[in-house]
Amino acid sequence: MSFAVLFAGAVLGALIVLLIQGRRDERAAVRAWVPLLTPRREIYLKRTESQLHDGLTLADVAYDRAATLQELGSAKEARELLSMGYQMIDRFAPDLMRLLAMMTVYSRMVSAVVPVQPLSPARFKTTGVSILVRFAGVAHHFIASTVERFRFRLFVIGQSSRLLLRGLGRTTMRVLGADGQPAEPTSDEAWDQIRAIRSDFHALTDESIDSLRHLLMSIDAAPREEPPPPPP
1346 MSFAVLFAGA VLGALIVLLI QGRRDERAAV RAWVPLLTPR REIYLKRTES QLHDGLTLAD
1406 VAYDRAATLQ ELGSAKEARE LLSMGYQMID RFAPDLMRLL AMMTVYSRMV SAVVPVQPLS
1466 PARFKTTGVS ILVRFAGVAH HFIASTVERF RFRLFVIGQS SRLLLRGLGR TTMRVLGADG
1526 QPAEPTSDEA WDQIRAIRSD FHALTDESID SLRHLLMSID AAPREEPPPP PP
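Take 1346 as the starting number for the sequence shown in the numbering used here and just add one per residue.
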């Protein structure tokens, strides 16, 4: 048996051991935490959630109205509202990125974070984000500490948001026309892509709020003391 085959087998075996150990440590970490959220932090969480969702709701109104006008044959008015919806998302995205950056900074101030789960690929409709989330879900289990897993989760949300914003910009420009080029004939495919991107933005917002909840709980939560072993 060649050295290359032996080396590959050793690496694969090590990865399998790390994956099994990571899952075992994750289950133990979940049992070790008593997740608590004080009333003051619950208010802050709800306020942040409301602010983020309000931004998306305004964009949804513009997009839904644009889709209705498109179906009615009012292409010009539909494009105007489509542009307005994109501008709202473009203003919303930096707020989400600032929240992720804030959580990354504050995560350095705690010794451990309430264990988080990786993002679920089933929640996402765009191909690029779904693939990114799927690979990140595998990598999640090879990261040892809960804090690093939490930061990695924030990183995946941030990268997914950037992918969505770029995709939304490209699709919007194809429909509206850009740089002096005429707009492409509107198609169901373009509108379906915009709907998928909007859905993924909602999913990432929910995941960001869930991450914030975990971080706020981690500030006050303390690991439970394990019960003493039974006497021999």
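Every residue, glycine too, gets a C-beta built ideally from N, C-alpha and C. Values in this document were obtained by computation on a predicted structure and should not be read as measured data.
Rounded to whole angstroms, the Cβ separation of I1434 and A1411 is 13 Å, and the two are not in contact under 8 Å. 8 Å or more divides the Cβ of A1548 from the Cβ of F1497. Beyond the five residues adjoining it in sequence on each side, L1444 comes within less than 8 Å, by CB distance, of T1393, L1397, S1553 and L1557 in the same chain, given in chain order.
By the criterion of a C-beta distance shorter than 8 Å, G1400 is surrounded in its chain by M1433, R1436, F1437 and D1440, once the five residues flanking it on both sides are discounted.
Scanning S1456, G1430 and A1423 for the CA closest to the CA of V1406 turns up G1430.
Rounded to the nearest whole angstrom, the C-alpha separation of S1452 and A1420 is 47 Å.
Judged by their CB atoms, G1512 and I1542 are nearer to each other than the 8 Å cut-off. V1492 is not a Cβ neighbour of H1559, given a cutoff of 8 Å.
By the CB criterion at 8 Å, S1428 and L1521 fall inside the cutoff. Classified as exposed, T1402 has fewer than 16 neighbouring CB atoms from the shown chains inside 10 Å of its CB. Around the CB of F1500, fewer than 16 other CB atoms lie within 10 Å, so the residue is classed as exposed. The C-alpha of I1539 lies about 32 Å from the C-alpha of H1486. For secondary structure counted as the beta strand (DSSP E) over 3 or more consecutive residues, the segment 1488-1546 holds no complete run.
Within the same chain, and ignoring the five residues on either side of A1535 in sequence, the residues whose Cβ sits closer than 7 Å to its Cβ are T1516, R1519 and V1520. In the three-state scheme derived from DSSP, where H, G and I count as helix and E and B as strand, F1469 is classed as coil. Here A1481 is buried: its Cβ has 16 or more other Cβ atoms, across all protein chains shown, within 10 Å. The DSSP-derived three-state label of R1558 is helix. In the structure shown, S1395 adopts helical secondary structure according to DSSP, grouped into three states.
Counting the other CB atoms within 10 Å of its CB gives M1448 a total of 16 or more, which places it among the buried residues. Short of 7 Å from the beta carbon of V1458, and not among the five residues preceding or following it, lie these beta carbons of its own chain, in chain order: S1452, T1491, V1492, F1495, H1559, L1560 and S1563.
Judged by DSSP in its simplified three-state form, P1384 adopts helix. The three-state secondary structure of M1442, taken from DSSP, is helix. Residue nearest to L1510 within the set E1387, P1384, M1442 and D1555 is M1442 (criterion: CA-CA distance). At the C-beta level, L1477 and L1508 come within 8 Å of one another.
Taking C-alpha positions only, K1391 is separated from R1385 by approximately 10 Å.
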